[in-house]
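Heads up, the thing below is written out as structure tokens.
In our numbering, the protein residues as written are 1330 to 1645.
What follows is the structure, given as structure tokens:
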């Protein structure tokens, strides 16, 4: 497969950034890859890891010079400062994208600092682990995972297609949707679950009659698995919650109402209400999972026919 871009710049080499660097090198998606990170320690680690064909430079400005595609892999709260820093140094026709979980913040914070000759095409790969840092990156992280591209109204079609093809080349299944819809959907599917996971873990640790060691020692699969994501990067999630405040608070209000209804049913020994609520949740989840399995399996077959991927670490 021919490279999707000539020169790629990846700013930020945490879990997602370093996974992109690995995947791009493994799958020959770019002819040249230049990466950087605000942390000198991270830059040193990336250089020592030797992530494929990537060249490590000290500054974001140096990284973006001459780049056809720039991907910002930094916390959402840093978007404005980054765009202000690199905006004057982006070449005409360059495409700037990101990997953040809140797309409204991209438009609000980045767009004002970009020349009109630069195309902003936000994107969000729905992939990750609870681990962070360049050592945690995986070349296969994006394979058969969704990546949502959220082009702005009137966006350049070629620029949008470049971002779509880039993620497809990394093995992702690509969807396109409006910015606002993305943020509302992710508030339900990602932001609320993470917020609840953090809260549940705090609740468990504050229980006066159960020691902290007992919380993990006797935790069954449910508690351990659900709270796994409470190990995620605090700075990243602080920025996500605050930058998608309206949508998160909206779904949190609905969740609190549903939780209160279940609490009331338990208090009043209303077994019928509990069975009804639990059965509906179980049935709906099964239907959604079965439908998604069929959709992803079909898309995976089509994808593998069109984009054969080199798998340096083997299949999961």
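Every residue, glycine too, gets a C-beta built ideally from N, C-alpha and C.
Between the segment 1451 to 1465 and the segment 1429 to 1437 there are three or more C-beta pairs closer than 8 Å, enough to call the two in contact. Judged by their CB atoms, residue 1371 and residue 1342 are nearer to each other than the 7 Å cut-off. Residue 1384 is bridged by DSSP to 1363. By the neighbour-count criterion, in which 16 or more other beta carbons inside 10 Å mark a residue as buried, residue 1511 falls on the buried side. In the three-state reduction of the DSSP assignment, residue 1553 falls in the helix class.
The criterion of a C-beta distance shorter than 7 Å is satisfied by residue 1392 and residue 1338. Check the Cα spacing between residue 1458 and each of 1558, 1361, 1575, 1409: the tightest is with 1558. Counting the other CB atoms within 10 Å of its CB gives residue 1585 a total below 16, which places it among the exposed residues. Between the C-alpha atoms of residue 1434 and residue 1599 there is a straight-line separation of about 44 Å. Residue pairing for residue 1448: DSSP places it in a beta bridge opposite 1424. Counting only runs of at least 3 residues, the segment 1487 to 1528 fully encloses the following beta strand (DSSP E) elements, listed from N- to C-terminal order: 1502 to 1505. A straight line joining the alpha-carbon of residue 1403 with that of residue 1360 spans about 23 Å. Look at residue 1401 here: in three-state DSSP terms it is strand. Exclusion of the five residues before and after residue 1354 leaves 1381, 1382 as the residues of its chain whose Cβ lies within less than 6 Å of its Cβ. Within the model, the alpha-carbon separation for residue 1519 versus residue 1580 is close to 11 Å. Nearest Cα to residue 1363 within the set 1388, 1344, 1515, 1436: 1388. About 14 Å separates the beta carbon of residue 1495 from that of residue 1348, a gap too long to meet the 8 Å contact definition.
About 4 Å separates the CB atoms of residue 1412 and residue 1439; that is less than 8 Å, so the two are in contact. By the Cβ neighbour-count rule, residue 1480 is buried, with 16 or more other Cβ atoms within 10 Å of its own. Cα atoms of residue 1410 and residue 1568: separation of roughly 14 Å, rounded to the nearest angstrom. Under the 10 Å beta carbon count, residue 1441 is surrounded by fewer than 16 other beta carbons and is classified as exposed. Between residue 1401 and residue 1340 the beta-carbon gap is near 5 Å, inside 8 Å, which marks them as a contact. Apart from the 5 residues on each side of it in sequence, residue 1448 sits with its Cβ closer than 6 Å to the Cβ of 1424, 1485, 1488 in its chain, given in chain order. According to the DSSP secondary-structure assignment, residue 1453 is paired through a beta bridge with 1477.
Residue burial annotation: residue 1493 is buried, with at least 16 other C-beta atoms found within 10 angstroms of its C-beta.
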